[in-house]
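Colleague:
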Amino acid sequence: MIDIQYNNDSHYGIHDPAVRATLAAYSSLLFLSSVIGDLLILVGSIKYHAIKLHPIIVTFIQYLALMDIAVAITRFLPGAVSLITESWVFGHVFCYVTYSVVVSSGGTAVLLISAICLAKLLIVRFPFRADSVPVYLAHIAFLFFFLVSSTGIVVEIVTNSKLVTFSYIDYNCDYNSINGHFSRSSITCNILVGLIGFTATTVTAVSSALLLRTVSNISARGGEIKWQGVMTVLLTAAVYLVATLPGTVYFMGSHFVVGSAALHKFWHVDLYRVAVYTVYLNMVSNFYIYTLTLTSFREFLRLVVGRGLVKCFYRDYPGTGASEGERRRLLP
């Protein structure tokens, strides 16, 4: 039986109660923000058609919201609890589940972001052909992304489940590579994760740059540009690239870090921890991006969500029989 509470607290744990409390509050806030925000995205886009973009992009956005919710439930919430209790209290099975879901859902999410950027670029460059593209291609793309992201982790869990343990570095379950145990399957999984991250980052960066150049050229020629959709995609790409920058630096430099124990601790503990908590921001940003850039989504929040909040706080909220003037008084 594995030791689910891997005894690395003295080397890798956070011993300052104030820092742990701050990170626990941060993780809790991320959890609530992600779950509530992504649920509003799903409800708004499916029931109220509040995201008025190309159907392909809307489908990708909906799947991205689902992946972010999965990460929030299996990463943010357990991490907050672990920071408070200073241990893993969810048992062996959930340790494997959280690690598997985070890797597969996280990998799928970054591929979906790159697909959103590439799709928007193609839509802008070939607007007439874009209308004839069937939406089912987006569903097929999602299934492909999820299968690619899940393949390596399934093999790793099956063959090396004992190496998935609770880590005090990020207070979550991770593959325990600190002790130097690397099997063929774990190396394959790491290569696959690296390829997914490299591909997603490259496609996102290149597509965004080309998209910005394309819309600039079209605008200079006097062409019509739907700037809300363009800004939504560009902001999504920018947040992703900034949020993953510390992680990119960490993984690119990890193989070259040699020297003192202090340097090793800074790179593999402090910098890795910064990279983890920074990339979390990418999982909660979409709701705020759509609120900022999409008029239709803001209208959904104002009319539907705002009305629901007013009903909760005002017992004398006017019903359907009230005058239009009375409704406008309460809902400006």
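FYI, in this note's numbering the residues of the sequence shown are 9 to 340. Glycine included, each C-beta is placed from N, C-alpha and C at the ideal position. This one's a predicted model, so the numbers in the text were calculated from it and none came from an experiment.
1. Report buried or exposed for residue 320, applying the criterion of at least 16 other Cβ atoms within 10 angstroms of its Cβ.
2. Leaving out the 5 sequence neighbours to the left and right, which residues in its chain are closer than 6 Å to residue 22 when beta-carbon positions are compared?
3. Only counting the same chain, and skipping five residues up and downstream in sequence, which positions put a Cβ closer than 6 Å to that of residue 292?
4. With distances taken Cα to Cα, identify the nearest neighbour of residue 132 among 153, 236 and 108.
5. Would the region 253-270 count as touching the region 140-153 if we require 3 or more Cβ pairs under 8 Å?
6. What are the start and end residues of each continuous alpha helix (DSSP H) run of 4 or more residues lying completely inside the region 244-326, in chain order?
7. Does the Cβ of residue 144 have 16 or more other Cβ atoms within 10 Å, making it buried, or fewer, making it exposed?
8. Within its chain, find whatever has a CB closer than 6 Å to the CB of residue 304; leave out the 5 residues flanking it on each side and keep chain order.
9. From the DSSP output, read off the bridge partner residues of residue 173.
10. Once DSSP output is grouped into helix, strand and coil, what is the label at residue 151?
11. Using only the alpha-carbon positions, how far apart do residue 209 and residue 88 sit?
12. Which runs of the beta strand (DSSP E), 3 residues or longer, sit entirely within the region 25-78?
13. Roughly how many whole angstroms lie between the Cα atoms of residue 24 and residue 95?
14. Taking 8 Å as the limit between beta carbons, can you name the residues of its chain near residue 299, skipping five residues before and five after?
15. Can you say whether residue 225 is buried or exposed, counting buried as having 16 or more other CB atoms within 10 angstroms of its CB?
16. What are the start and end residues of the alpha helix (DSSP H) that includes residue 136?
17. In whole angstroms, what separates the C-alpha of residue 138 from that of residue 116?
18. Can you tell me whether residue 235 is helix, strand or coil according to DSSP?
19. Is the beta carbon of residue 48 sitting closer than 8 Å to the one on residue 313?
20. By how many angstroms is the C-alpha of residue 156 removed from the C-alpha of residue 200?
Modeller: Looking at the atomic coordinates:
1. Classification for residue 320: exposed.
2. In the same chain as residue 22, and ignoring 5 residues on each side of it, the C-beta atoms closer than 6 Å to its own belong to 28, in chain order.
3. So the list reads 38, 41 and 42, once near-sequence residues are dropped.
4. Residue 132 has its Cα closest to that of 236, out of 153, 236 and 108.
5. Between the region 253-270 and the region 140-153 there are fewer than three inter-stretch CB-CB distances shorter than 8 Å, so the stretches are not counted as touching.
6. With a minimum length of 4 residues, the continuous alpha helix (DSSP H) runs that stay inside the region 244-326 are 253-261, 269-273, 280-301, 303-308 and 314-321.
7. Exposure of residue 144 is indicated by the presence of fewer than 16 other C-beta atoms within 10 angstroms of its C-beta.
8. These residues qualify, in order along the chain: 58 and 60.
9. Residue 173 has 182 as its beta-bridge partners, per DSSP.
10. In this structure, residue 151 counts as helix in the three-state DSSP scheme.
11. Going by the C-alpha atoms only, they are around 28 Å apart.
12. Correct list: empty.
13. Approximately 15 Å between the Cα atoms of the pair.
14. Counting only Cβ-Cβ distances below 8 Å, and skipping sequence neighbours, we find 305, 306 and 309.
15. Exposed, because fewer than 16 other Cβ atoms sit within 10 Å of the Cβ of residue 225.
16. 135-138 is the span of the alpha helix (DSSP H), which, as asked, contains residue 136.
17. Residue 138 and residue 116: Cα-Cα distance of roughly 24 Å.
18. Residue 235 falls in the helix class under three-state DSSP.
19. Their beta carbons are under 8 Å apart, which means residue 48 touches residue 313 by this criterion.
20. Going by the C-alpha atoms only, they are around 8 Å apart.
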